[in-house]
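Protein sequences, first through last, are from chains U and G.
Taking the working numbering, I'd label the letters of the first sequence as residues 1 to 263.
Taking the working numbering, I'd label the letters of the second sequence as residues 1001 to 1372.
Here a beta-carbon is modelled for each residue, glycine too, at the ideal position from N, C-alpha and C.
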Amino acid sequence: MKWIKKHLLLFAALAVLGYLLLPNVVVAVFSFNSPRGRYNYEWNEFSAAAWLDPCGNPGICEALGLSLRIGLTASVVATILGTLVAFALGRHRFRGRSATNLLIFMPMATPEVVMGSSLLTLFVMAGMPSGSLNITIAHIVFCVSFVVVAVKARVSSLDPRLEEAAADLGANPLQTFLRVTLPLAAPGIAAGALLAFSLSFDDYIITNFNASPSSITFPMYVWGAAQRGTPVEIFVVGTVMFLVALSIVVIGQILSSRRERKA
Amino acid sequence: MAENPSGDLRLVQLSKEFDTFTAVHPLDLTIPQGEFFALLGPSGCGKTTTLRMVAGLEEPTSGAIYIGDTDISEIKAFKRNVNTVFQNYALFPHMRILDNVAFGLKRRGDKNAMAKAQEALELVELGHTAKKKPNQLSGGMQQRVALARAIVNRPDVLLLDEPLGALDLKLRRQMQIELKRIQADVGITFIHVTHDQEEAMTMADSVAVMNAGRLEQVGSPAELYDRPASTFVANFLGQSNLLTSRITGDAGEGLSSADCHGYPILVATENIPDGVSDVFVGVRPEKFRLGRHGRNQLKGTVTDDSFTGVATQYLVRLPWGFEVTVIQPNDGSPRAKVGENVDISWEPGSEFILDASQDEDAGMLDTGLRHG
Ligand SMILES: Nc1ncnc2c1ncn2[C@@H]1O[C@H](COP(=O)(O)OP(=O)(O)OP(=O)(O)O)[C@@H](O)[C@H]1O
Ligand SMILES: [Mg+2]
């Protein structure tokens, strides 16, 4: 009884963790299934077939590749733009600062269907044919907002006196930025970049509005496939994505804790 | 790196206005090379602003800053041979202590940066912390790192902005001695900002007292204490008893007679400001004696006493109701009790004399100081 009381917090934490991770576990388990019909919803028998040939289902790896490309491009561009905006907003007082602050929030507050359809209207009016370029531009639009929020939180908590100290010690503005400001803002920038990538990789609604038959992203592929059946390969890709994300987090943790300990 | 000739630091008509507010009124100040100089004043009087202008972190509204014969006011902060120990240390949290200290040397391309940085750390007795991060050090250690980081560059002038402000009393005293020792070792001009008058007096060769963006007085600690030029300085540095008096005439032997609320007293003529007859006669508490020992004598009643070990501090009410502070050293002379009628006395010449047209409460801290 006492033992249970003592470890109550641990149980609660494990329960929450289990609740959060259960879907991922199901996906991982069913990626080893060999389904009876076209739908991978019932356990039939063990098979590693999908793992040995994840691109087996026509179009799946093309869709995955496109999503990764769009995700990388959108997150890189959004991170650069968003970081610049965040520094401007977090560091300088200027006319229209609060208006800019507000406008930056707009893409986050706008319902995705509204944004998707209005972007489509814009692209049509501009004479730009739907496809991966439009999707990328659309992703950059909403990713920038999230990057700005993540980086600004970090930038505005930076002590401006550190930059003054660098200048005082003889560092020119570029050296100050590279050696003091950037390393200190890096965690915020990294968080913004990861967030942007996962948002882009994940997006269905806005993407769907601006896609063409030749630009099927992974979420669109999954949705389309789910109408006709659920190929096991999707579960494999899902599991891999989860493991990659997990290892990024774990490696990050290990690196930072080792740095702490070494210091 | 521009070659900055070293020499005296001179501020000429230097001023700083923020949007609506003048933080520093045009001031002139010369600080000899190699001196330990303290800038003293109450909060918000413009000390930090003045330092920041010297460091190049704040652009002066007018005036010029010279080191030797070179006007450095137009030189950017990162090119000035001036370093600052910031009020909050401002150590780079993402760098090891050693990298923090080597930062300035590396910017100059010094090949021996690491070795010199280690040496500077040894100087402040923190050699063993080289591989740590700033947040693993105590406040006092961080303060010494900040000092090492600035001093290792051998600047022409080192600016210290209340570097001891965050430390407890014991560490503060220890660091004061340390700072003094280091300054003597390296021989760099130190400008030490503080609002602790005791710290300024014990450490500095000269002290400048600042008030509301202006310099009140500049001089050696003894000059400032014994001959304050204004009620502000008199009250801000130590305790003062200001006796409202009127100079009545010459009394020979370099003395003048004065009338203090109907009581005749003598003062040194040389202490009287030119052309003034309504004055405050200022007497420091330790210049008063209990009993009839001096040529100036007044009667009073003890209203309070506090024994501090080395001395006893009394409050004595004078016949016209004004209370003065008297400090009697614990030298074996008989102590007075509260309610006792006593004589207090002092020697002419041990006073300072100020024009009575100024605010007698200027620079007064809220405790224990009286006037009349
Ligand atoms: N950037 C600024 N904009 C407007 N006013 C300022 C600015 N910086 C300082 N001031 C004002 O200038 C005055 C002097 O400030 P300063 O920081 O020099 O005081 P200080 O003597 O260093 O005080 P403390 O002992 O509290 O550090 C203050 O009244 C302050 O409000
Ligand atoms: Mg200050």
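Euclidean distance between Cα positions of residue i and residue j
i                 : j                 : result
Leu1169 (chain G) : Ile1151 (chain G) : 24 Å
Leu133 (chain U)  : Phe146 (chain U)  : 21 Å
Ile60 (chain U)   : Phe197 (chain U)  : 19 Å
Val1209 (chain G) : Val1085 (chain G) : 20 Å
Thr1231 (chain G) : Ile1353 (chain G) : 10 Å
Leu1233 (chain G) : Ala86 (chain U)   : One point to set straight first is that residue 1233 (chain G) is Val, not Leu, in the sequence displayed. Computed Cα separation, rounded: 48 Å.
Leu68 (chain U)   : Asn172 (chain U)  : 38 Å
Val149 (chain U)  : Ser257 (chain U)  : 26 Å
Ala1055 (chain G) : Val1193 (chain G) : 13 Å
Asp1343 (chain G) : Pro1273 (chain G) : 28 Å
Thr1303 (chain G) : Glu1223 (chain G) : 31 Å
Phe1036 (chain G) : Leu1051 (chain G) : 15 Å
Glu1199 (chain G) : Pro1155 (chain G) : 23 Å
Asp1028 (chain G) : Leu1009 (chain G) : 11 Å
Gly82 (chain U)   : Gly188 (chain U)  : 11 Å
Ala1115 (chain G) : Asp159 (chain U)  : 29 Å
Thr1367 (chain G) : Asn1235 (chain G) : Interpretation of Thr1367 (chain G) is limited by its pLDDT of 42, a score under 50 that renders its predicted location unreliable; no figure is taken from the coordinates.
Asp53 (chain U)   : Val236 (chain U)  : 10 Å
Glu1270 (chain G) : Ser1220 (chain G) : 19 Å
Glu1162 (chain G) : Thr1202 (chain G) : 15 Å
Leu1242 (chain G) : Leu1160 (chain G) : 34 Å
Arg1289 (chain G) : Trp1346 (chain G) : 6 Å
Ala1258 (chain G) : Val1276 (chain G) : 12 Å
Tyr1066 (chain G) : Val249 (chain U)  : 54 Å
Ala193 (chain U)  : Ile140 (chain U)  : 11 Å
Cys55 (chain U)   : Asp1110 (chain G) : 57 Å
Phe123 (chain U)  : Leu64 (chain U)   : 24 Å
Leu1171 (chain G) : Ile1327 (chain G) : 28 Å
Val25 (chain U)   : Asp203 (chain U)  : 22 Å
Gly1372 (chain G) : Phe1280 (chain G) : Note on Gly1372 (chain G): pLDDT 44, under 50, position unreliable in the model; the coordinate value appears next. Taking the straight line from one Cα to the other gives about 9 Å.
Neighbouring residues, chain U, relative to residue i (Cβ below 9 Å)
i                 : result
Arg1398 (chain G) : Because chain G spans 1001 through 1372 in this model, residue 1398 (chain G) falls outside it and cannot be assessed.
Interface residues of chain U facing residue i [CB-CB closer than 7 Å]
i                 : result
Ala1113 (chain G) : Correct list: empty, because the minimum Cβ distance to chain U is about 12 Å.
Inter-residue CB distance, residue i and residue j (contact presumed, cutoff 8 Å)
i                 : j                 : result
Leu89 (chain U)   : Thr100 (chain U)  : 6 Å
Asp1013 (chain G) : Pro1032 (chain G) : The amino acid at residue 1013 (chain G) is misidentified as Asp; the sequence shows Gln. Rounded, the Cβ-Cβ distance is 19 Å, inconsistent with contact.
Pro981 (chain G)  : Lys1299 (chain G) : Past the boundaries of the shown model lies residue 981 (chain G); chain G is included only from 1001 to 1372, so the question cannot be answered.
Met1092 (chain G) : Val180 (chain U)  : According to the sequence displayed, residue 1092 (chain G) carries Phe and not Met. With a Cβ gap of about 6 Å, Phe1092 (chain G) and Val180 (chain U) count as contacting.
Thr1022 (chain G) : Gly1187 (chain G) : Going by Cβ atoms, the distance from Thr1022 (chain G) to Gly1187 (chain G) rounds to 35 Å, so no, they are not a contact pair.
Cys143 (chain U)  : Ala245 (chain U)  : 17 Å between Cβ atoms; not a contact.
Gly1041 (chain G) : Asn1211 (chain G) : 6 Å
Ile234 (chain U)  : Val222 (chain U)  : 6 Å
Pro129 (chain U)  : Ser212 (chain U)  : 7 Å
Glu1058 (chain G) : Thr1049 (chain G) : 6 Å
Ser220 (chain U)  : Asn208 (chain U)  : For the record, residue 220 (chain U) in the displayed sequence is Met; it is not Ser. Yes, Met220 (chain U) and Asn208 (chain U) are in contact; Cβ-Cβ is about 6 Å, under 8 Å.
Ala1229 (chain G) : Asp1278 (chain G) : Actually they are not in contact, since the Cβ atoms of Ala1229 (chain G) and Asp1278 (chain G) sit about 17 Å apart, beyond 8 Å.
Ser1386 (chain G) : Ile1247 (chain G) : A query on residue 1386 (chain G) cannot be resolved here, the shown segment of chain G reaching from 1001 to 1372 and no further.
Beta-bridge partners of residue i, as assigned by DSSP
i                 : result
Asn1241 (chain G) : G:Val1283
Ala1268 (chain G) : G:Leu1255
Ser1206 (chain G) : G:Phe1037
Thr1301 (chain G) : G:Arg1317, G:Asn1341
Thr1325 (chain G) : G:Leu1315
Arg1246 (chain G) : G:Asp1259, G:Asp1278
Glu1017 (chain G) : G:Thr1022
Asp1071 (chain G) : G:Tyr1066
Phe46 (chain U)   : U:Asn33
Gln1217 (chain G) : G:Val1209
Arg1289 (chain G) : G:Ser1345
Val1082 (chain G) : G:Val1157
Asn172 (chain U)  : Answer by DSSP bridge pairing: none, since Asn172 (chain U) is not bridged.
7 Å Cβ cut-off: residues of chain G touching residue i
i                : result
Leu162 (chain U) : Ala1090, Phe1092
Listed by chain order, chain U residues near residue i by CB distance under 8 Å
i                : result
Asn976 (chain G) : The question about residue 976 (chain G) has no answer here: the residues shown for chain G are numbered 1001 through 1372.
| message | Taking beta-carbon pairs under 8 Å, can you tell me which members of the region 1132–1144 of chain G lie near chain U? | response | Lys1132, Lys1133, Gln1136
| task | Pull out every residue of the region 1177–1195 of chain G whose Cβ sits closer than 9 Å to any Cβ of chain U, in chain order. | result | none
| query | Using a beta-carbon distance cut-off of less than 7 Å, what residues from the region 1052–1086 of chain G approach chain U? | reply | Ala1055, Leu1057, Ala1077, Phe1078, Asn1083, Thr1084, Phe1086
| Listed in chain order, which residues of the region 165–197 of chain U have Cβ atoms closer than 9 Å to some Cβ of chain G? | Ala165, Ala166, Ala167, Asp168, Leu169, Gly170, Ala171, Asn172, Pro173, Gln175, Thr176, Arg179, Val180, Pro183, Leu184, Ala186
| message | Tell me which residues of the region 1096–1121 of chain G have at least one Cβ-Cβ distance to chain U shorter than 8 Å, keeping chain order. | response | Arg1096, Phe1103, Gly1104, Arg1107, Arg1108
| query | If contact means a Cβ-Cβ distance below 8 Å, which residues of the region 39–72 of chain U contact chain G? | reply | none
| Residues, ordered as in the chain, of the region 202–213 of chain U that lie near chain G by beta-carbon distance below 9 Å | none
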